[in-house]
Amino acid sequence: MNNVFLQFLYGVSCIAVGFFVGLSLGWREYKLGGRHIAVPDLPRTERQQVYWLIVVAALAIASVAYAGIQASSQSECNSDFRSGMVARSAISTENQRHIDAMVGTIADGMTDPRAESRDLMRRAITDYRAWSVEAAKQRAAHPIPDPVCGGG
Numbered sequence: 690m691n692n693v694f695l696q697f698l699y700g701v702s703c704i705a706v707g708f709f710v711g712l713s714l715g716w717r718e719y720k721l722g723g724r725h726i727a728v729p730d731l732p733r734t735e736r737q738q739v740y741w742l743i744v745v746a747a748l749a750i751a752s753v754a755y756a757g758i759q760a761s762s763q764s765e766c767n768s769d770f771r772s773g774m775v776a777r778s779a780i781s782t783e784n785q786r787h788i789d790a791m792v793g794t795i796a797d798g799m800t801d802p803r804a805e806s807r808d809l810m811r812r813a814i815t816d817y818r819a820w821s822v823e824a825a826k827q828r829a830a831h832p833i834p835d836p837v838c839g840g841g
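When we follow our numbering, the leftmost residue of the sequence shown carries the number 690, and every step to the right adds one.
Dropping the structure here:
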């Protein structure tokens with residue numbers, strides 16, 4: 690909500706500055722071929738030029754500050770997203786390692802008809818089920834972050 694408020698405030702201030710800049714312009718009316726044409730009259734005195742320079746400098750500073758705030762916010766959001774994805778990737782890698790171990794044990798047990806190999810297959814399946822519960826807890830602790838950064 691804070692980001693939306695800042696963007697709203699920035700937009701309103703830009704409109705206000707544009708409005709007051711428009712009011713500060715003098716308008717001259719020329720007659721051209723029977724038609725009246727109004728054109729802006731640029732500042733002619735040094736004082737008016739200094740005011741224009743101050744307004745332009747203030748707008749430049751405000752734009753740079755706003756861009757810096759936005760870049761910082763985006764950088765923080767990207768960092769949060771990356772750390773969440775790295776954590777979930779580690780969980781998935783560990784999960785794949787457990788699946789590979791279970792499948793290898795089951796494949797070995799299928800070729801050996803002894804009771805010991807059936808016990809090893811059951812134990813591998815039980816171990817994987819226990820790991821899958823732990824993996825689900827880890828995934829819940831590291832949800833997928835919002836990729837939009839602030840909703841939008």
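Every residue gets a Cβ at the ideal spot worked out from N, C-alpha and C, and that includes glycine.
Give me the residue from the options with the minimum Cα distance to residue i.
i	options	result
V775	P729, T800, R828	R828
T782	A760, Q737, S764, W820	W820
Is it the case that the Cβ atoms of residue i and residue j are separated by a distance below 8 angstroms?
i	j	result
V706	L742	no
H831	I788	no
Y719	V728	yes
A824	N767	no
P836	D769	no
M791	I758	no
D730	G711	no
For residue i, which residues from the same chain have a beta carbon less than 7 angstroms from its beta carbon, with the 5 sequence-adjacent residues on both sides left out?
i	result
M690	For M690, the predicted model reports a pLDDT of 49, less than 50, meaning its position is unreliable; a value from the coordinates is still stated below. So no residue of the chain qualifies.
Excluding the 5 residues flanking residue i on each side, which residues of the same chain have their C-beta closer than 6 angstroms to its C-beta?
i	result
Y632	With the chain covering 690 to 841 only, the question about residue 632 has no answer from this structure.
S806	G798
F709	none
Which of helix, strand or coil does DSSP assign to residue i?
i	result
A829	helix
V710	helix
G715	strand
Review point. Mind pulling the beta strand (DSSP E) runs of 3 or more residues that sit fully within the stretch 786-829?
Key: none
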